[in-house]
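Here is the structure we will look at, set down as structure tokens.
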Amino acid sequence: MAVTSSAVLFFLLVLALIGGPAAQAQTIDPHALYEQRCSGCHLPHAGDFARDTLERAGNKIVVRGTGKELRSFLARGHGKLSPAEIDVMVDHLTFIVDAGALFREKCFICHGRAVVFARSELVLRDGTLYGRYSRRETAPFMENHGRLTGDQVDTVVTMLRDQLAGSLR
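Shown next as structure tokens:
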């Protein structure tokens, strides 16, 4: 009986360390999803595509010029995305449309693409964004960097935190 209890305890410990099925569920990376499933026919980067092709119409994101709602367009099979992938892509493109070209206008010249910058230069600790090498908290640093206003700092920090997490709201 002791061997069985030890085996069960060992199994539970291993399961806790590696995580069960729910812990193993992976987050869908919107950048990788766009680049793998969309960029073959559309612009290479989601940001460029969103800025050139999409616009906000009330509480929806639509294709500029046609008025077709993005979510329903994708749900009808464009891109052959799963429901979870559609949610990720719509959230990602919505955030880009709402944020405008802020990162491109204020940050890109020195820091390149937001996703690459975030994933190579920043870390997330307890929900707060820090410079990977400087160890400085990003938000207060940006208040005096890049001529950003308070609202712009909040937008960029949210975007970079989400880029680092691998998914957007």
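No gaps in the numbering here: position 35 of the sequence shown is 38 in our numbering, and each next residue is one more.
Backbone N, C-alpha and C fix where the C-beta goes; we use that ideal spot for every residue, glycine too.
As the structure is a computational prediction, the values presented were derived from the model and not from experiment.
Close-in-space but distant-in-sequence residues of the same chain around residue i (CB under 8 Å, 5 per side omitted)
| i | result |
| --- | --- |
| C41 | A49, F52, G82 and M92 |
| L96 | A49, F52, A53, L57, I64 and L73 |
| D101 | R59 |
| R150 | K109 |
| L167 | A121, R122, L125, V126, L127 and L132 |
| R139 | Y133 |
For residue i, the three-state DSSP class (helix, strand or coil)
| i | result |
| --- | --- |
| I31 | coil |
| R116 | coil |
| K71 | coil |
| L84 | coil |
| L77 | helix |
| T152 | coil |
| P36 | The sequence shown places Leu at residue 36, not Pro. Here L36 sits in helix by DSSP. |
| L167 | helix |
| G43 | coil |
| E108 | helix |
| H95 | helix |
| G103 | coil |
Residues that residue i bridges to, as DSSP identifies them
| i | result |
| --- | --- |
| Y133 | V126 and E140 |
| V65 | E58 and E72 |
Contacting residues, own chain, Cβ-Cβ under 6 Å from residue i (five flanking each side not counted)
| i | result |
| --- | --- |
| H45 | F52 |
Neighbourhood of residue i by C-beta distance below 7 Å, restricted to the same chain and skipping five residues each side
| i | result |
| --- | --- |
| A10 | Note that A10 scores a pLDDT of 44, beneath 50, so its modelled location is shaky and nothing firm can be said. |
Problem set entry | Inter-stretch contact (C-beta, 8 Å, three-pair minimum) for the region 122-134 and the region 159-170 | Segments in contact, yes.
Exercise. Using 8 Å as the Cβ pair cut-off and three pairs as the minimum, do the region 112-130 and the region 84-91 touch?
Worked result: They do not touch, by the three-pair rule.
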